[in-house]
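Contents: one structure, followed by commentary.
Protein chains: 2
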Amino acid sequence: MRYSKLLGKTRKEAPKDEVSVNAKLLFRGGFIDKLMAGSYTLLHLGRRVEQKIEQIIREEMNETGAEEILMPLLHPKEIWSETGRWDKADKVMYKLKKGEKEYALSFTHEEIFLDLVRKHILTYRDLPVKGYHFSTKFRDELRAKSGILRGREFLMKDLYSVHTSSKDLDKYYEEVKKVYLKIFDRLGLKAIVTEADGGVFTDRVTHEFQVLSDVGEDEIIYCPGGDFSQNSEICKVKEGKQCDLGHGPLKKARAIEVGNIFSYGTDYSEKMNVVYTDNSGKKQHVWFGAYGIGVTRLIGVLVEVFHDEKGIVWPSQVAPYNCHLITINKQQLTKNKMDDVYNKLVKAGVEVLYDDREDVSVGQKFADADLIGIPVRLVVSEKTAGKVEWKNRIDSKTELLGIEEVVKRLKRSEAA
Amino acid sequence: MRYSKLLGKTRKEAPKDEVSVNAKLLFRGGFIDKLMAGSYTLLHLGRRVEQKIEQIIREEMNETGAEEILMPLLHPKEIWSETGRWDKADKVMYKLKKGEKEYALSFTHEEIFLDLVRKHILTYRDLPVKGYHFSTKFRDELRAKSGILRGREFLMKDLYSVHTSSKDLDKYYEEVKKVYLKIFDRLGLKAIVTEADGGVFTDRVTHEFQVLSDVGEDEIIYCPGGDFSQNSEICKVKEGKQCDLGHGPLKKARAIEVGNIFSYGTDYSEKMNVVYTDNSGKKQHVWFGAYGIGVTRLIGVLVEVFHDEKGIVWPSQVAPYNCHLITINKQQLTKNKMDDVYNKLVKAGVEVLYDDREDVSVGQKFADADLIGIPVRLVVSEKTAGKVEWKNRIDSKTELLGIEEVVKRLKRSEAA
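For the record, the sequence lines run as chains A and B.
The first sequence: position 21 = 24 (my numbering), numbered continuously.
The second sequence: position 221 = 224 (my numbering), numbered continuously.
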């Protein structure tokens, strides 16, 4: 992609009401734009990061045998009334009326998924089912100044599972817990499984996946050995108490919730009368679980965790492009010659962001590359004499390499 | 994917209010479910088809130098008021109020894209820009009985382009026209470029892409030689009139609109005051175009065009899976042996839907395969004696092949 053609280029300033590091850097780097409070456009670079996160999640969801679907965003009042959440979640839901009919915008999809299930499931042979989608959620929450960590409109991966027994649900719940940790690990994040309150979702205890960060809205009390963590909303023990397993004193820290899993038992299926026929011919309520990951939020979390004073430092697996190519042309070489390396990289199938701007200083280009945070910076100039200067975002060492070596290294890092 | 685990299996009947062939077959085949009038869930098989359509469109959009982004769905009233469409499009828009603020759901994104542009574009050097996204549209239109050809909530690819001159806009408009024909051609559809009325979008003439079909809501008058086509809403000539270029009499036919392109000139940018600085330092209004393809609708169009009395006949490039594997196990062979071919296909990277159900007759499995419409049916049984029976959906001839040959053929068709 030629940087000169991109709509969202770097900017000197983020909007004044954006105080978080993630929003500032994502704004200044040209990853996002703000339509209104809590609502962001993903510009091209931001959409690329989002798609890479999405693909990692998709692969891991499929590994659990879950099937990808896509549920609607505009929901009829009737279905939400069945569980009582039309009223209970009134504060957070966006509702509207058109003609005689009342609707809610998707703030979550439990009811919609169960409605789908009860139209399809007949017997124990059809269970379990596990369906997930990537889709938009709308939540009118009190605004914290957290940038895209908390949007009123945002992308979420939500997975729902339906089972014949408590045991089967528990087994899948534990499987998803592990898979979530694997996903966050693939994204370069260390998440702590944390017991928490279920809010408008359930009265039961749920599990959140918390990434330590000073800007987190949550506070957790956790064991450094990894065997205990609770959201301080529900935690009855205090920091400093000794861990029962001898890992030392419990710690308290701020954290960002990146995922949340819910085991609902038969609460929802009883309210919505979702049943299956068991192997003795009896009708039984299904067992239900839900599992969410905040996809848009993860973009912000990654920036909070991976940045330095110059800008973002994307882990390579979610970087918008694999390399950032800069040409320096002080002696007015022909444009063709400058484009040569770009064309070769594209032809080799490398994802390359090419800063081909002619009206911008070299210093500005270098500063923009650091701000945008792509893992590898490549420079071509008269000085590099037919070779390419390679520099990793995270260090200051440069190397002169032939184009074949550049391609080989980049392909290797893609495959990793 | 194991068919036994899928949520949406084949059904004997579609809902009674669905009268269109596309909705009936998509329902019965387990591709879609209906949440409410005009609103459909894409089940797993439907989502797969949608994703394949999306990827073909994405590749062609990128070829034109357009950048993929993602704009929000909930829009502030203020921006829609700038062009007057908050009132003008009142009938079709879903609106809501939360607290003191009024919003509209995305029925299109012209205003939102131009708002984005005016926050970024400074000079002629930044233009043109071409941004597209795949996103949800909400339109409360009079319901025709057209299944997913006309939803109240549906997926659309919309592309917007901003230029410094009429000439540059025209050039890109013509480029997109050609690219759209290429996209429909890749999908196996013959689209006719047709002049049409601009509705709530513009007073200018626009171009629709119409696919001939008896169930189409539109009627077009067109030359069989391809040099003239108008939507009969605006057409002043009659069918039977001789084509000026000697292609014989004009024809009249029903058709389904699958895409629509709009050249707005400076109408929108004047209303929204979207300007750039030209090379003499003067402020000028930008030239604006928009280009839509109905992604969900295309699923329905493909079914209308490609089906027979037994079910759907997907073109291979959009089929949910490349082959449909059926095992017949009358002599109670071990499950491992039955799964052997499936595992080999998966390992070879073939997309395979595996009907591994044990409680369903062979006849039912064959009927389901014809209904679902995957291009290649594979059968493994005691009779096939270590080989695999290959049958194309479109003919009745069967062949016995070794697994290596099966993989080779399927990989070849994927690459094509």
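Note that beta-carbon positions come from the ideal geometry of N, C-alpha and C, so glycine has one too.
**Study point:** Residue of B:N282, B:L305, B:S266 and B:E312 minimising C-alpha distance to B:F291
**Key:** B:S266
Check your understanding: In chain A, what lies closer than 8 Å to B:L77 by C-beta?
Key -> S42, Y97, L108, F141, R155 and E156
Check your understanding: To the nearest whole angstrom, what separates the beta carbons of A:L28 and A:G366, a pair I think is in contact under 8 Å?
Key -> Not really, about 19 Å apart at Cβ, beyond 8 Å.
Check your understanding: If B:C226 and B:H210 are in contact, beta carbons under 8 Å, what's the gap, nearest whole angstrom?
Key -> B:C226 to B:H210, Cβ: 15 Å. No contact.
Exercise for review: Using three-state DSSP, classify A:R5 as helix, strand or coil.
Suggested key: strand
Check your understanding: Taking 8 Å as the CB-CB cut-off, is A:E392 touching chain B?
Key -> no
Review point. Secondary structure at B:E105, three-state DSSP: helix, strand or coil?
Key: B:E105: strand per DSSP, three-state reduction.
Practice item. May I ask which residues mark the beginning and end of the alpha helix (DSSP H) holding B:R31? Key: It spans V24 to R31 - the alpha helix (DSSP H) in which B:R31 sits, taken as one unbroken run.
Practice item. Enumerate in chain order the residues of its own chain whose CB-to-CB distance from A:E242 is below 8 Å, with the five nearest sequence positions on each side excluded. Key: I224, P252, L253, K254 and K255
Exercise for review: Grab me the residues of B:N332's own chain with a C-beta within less than 6 Å of its C-beta, minus the 5 sequence neighbours each way, in chain order.
Suggested key: Excluding the 5 residues flanking it on each side, B:N332 has same chain C-beta neighbours closer than 6 Å at M341, in chain order.
Practice item. Compute the distance between the beta-carbons of A:L328 and A:D358, then report whether it is under 8 Å. Key: yes
**Study point:** Per DSSP, cross-strand counterpart(s) of B:F157
**Key:** B:K140
**Study point:** A:V502 and A:A351 closer than 8 Å at C-beta
**Key:** Residue 502 of chain A is absent from the structure shown; chain A starts at 4 and stops at 419.
Exercise for review: Determine contact between the region 135-155 of chain B and the region 5-23 of chain B, defined as no fewer than three beta-carbon pairs at a distance below 8 Å.
Suggested key: yes
Check your understanding: Can you name the start and end residues of the beta strand (DSSP E) that A:M39 belongs to?
Key -> I35 to M39
Practice item. Would you mind working out which of B:K390, B:V353, B:T330 and B:H288 sits nearest B:L125, comparing C-alpha positions? Key: Across the set B:K390, B:V353, B:T330 and B:H288, the C-alpha of B:H288 shows the shortest separation from the C-alpha of B:L125.
Point to revise | Reference A:M39; option with closest CA among B:D118, B:V208 and B:K8 | key: B:D118
Practice item. Check whether the region 212-221 of chain A touches the region 186-197 of chain A, counting contact only when three or more Cβ pairs, one atom from each stretch, lie closer than 8 Å. Key: yes
Point to revise | Which of helix, strand or coil DSSP assigns to A:R61 | key: helix
Point to revise | Proximal chain B residues relative to A:K122, where beta-carbon distance stays under 7 Å | key: D36
Practice item. Mind checking the region 175-193 of chain A against chain B and listing, in chain order, the residues whose C-beta falls within less than 7 Å of any C-beta there? Key: For the region 175-193 of chain A, there are no residues whose beta carbon sits under 7 Å from a beta carbon of chain B.
Check your understanding: Which partner residues of B:E71 appear in the DSSP bridge assignment?
Key -> B:Y135
**Study point:** Sequence-distant residues of the same chain with beta carbon closer than 8 Å to A:E114, five excluded per side
**Key:** H78, I82, W83, E85, T86, R88, Y271 and M275
Exercise for review: Confirm, please, whether the CB-CB distance from A:L152 to A:I259 is below 8 Å.
Suggested key: yes
Point to revise | contact_flag[the region 98-117 of chain A, the region 41-53 of chain A] where n(CB pairs < 8 Å) is 3 or more | key: No, the region 98-117 of chain A is not in contact with the region 41-53 of chain A.
Check your understanding: CA-CA distance, B:V379 and A:L172?
Key -> Roughly 36 Å between the two C-alpha positions.
Review point. So, are the CB atoms of A:V182 and A:V132 less than 8 Å apart?
Key: Result no, Cβ atoms of A:V182 and A:V132 do not sit closer than 8 Å.
Review point. Using the C-alpha atoms, what's the distance from B:G201 back to B:G32?
Key: Going by C-alpha positions, B:G32 is about 36 Å away from B:G201.
Review point. At least one CB of chain B closer than 8 Å to the CB of A:M74: is that the case?
Key: yes
Practice item. Could you tell me which residues DSSP pairs with A:H288 in its beta bridges? Key: A:V278
**Study point:** Contact list for the region 361-390 of chain B against chain A, Cβ threshold 8 Å
**Key:** D362
Check your understanding: Count the other CB atoms within 10 Å of the CB of B:Q233; is the residue buried (16 or more) or exposed (fewer)?
Key -> buried
Point to revise | Same chain only: Cβ atoms within 7 Å of B:I237, ignoring 5 sequence neighbours per side | key: E198, A199 and D200
Review point. For B:E392 versus B:T401, is the C-beta spacing smaller than 8 Å?
Key: yes
Point to revise | Collapsed DSSP secondary structure at A:Y183 in the structure displayed | key: helix
Review point. Cβ of B:K8 less than 8 Å from any chain A Cβ?
Key: yes
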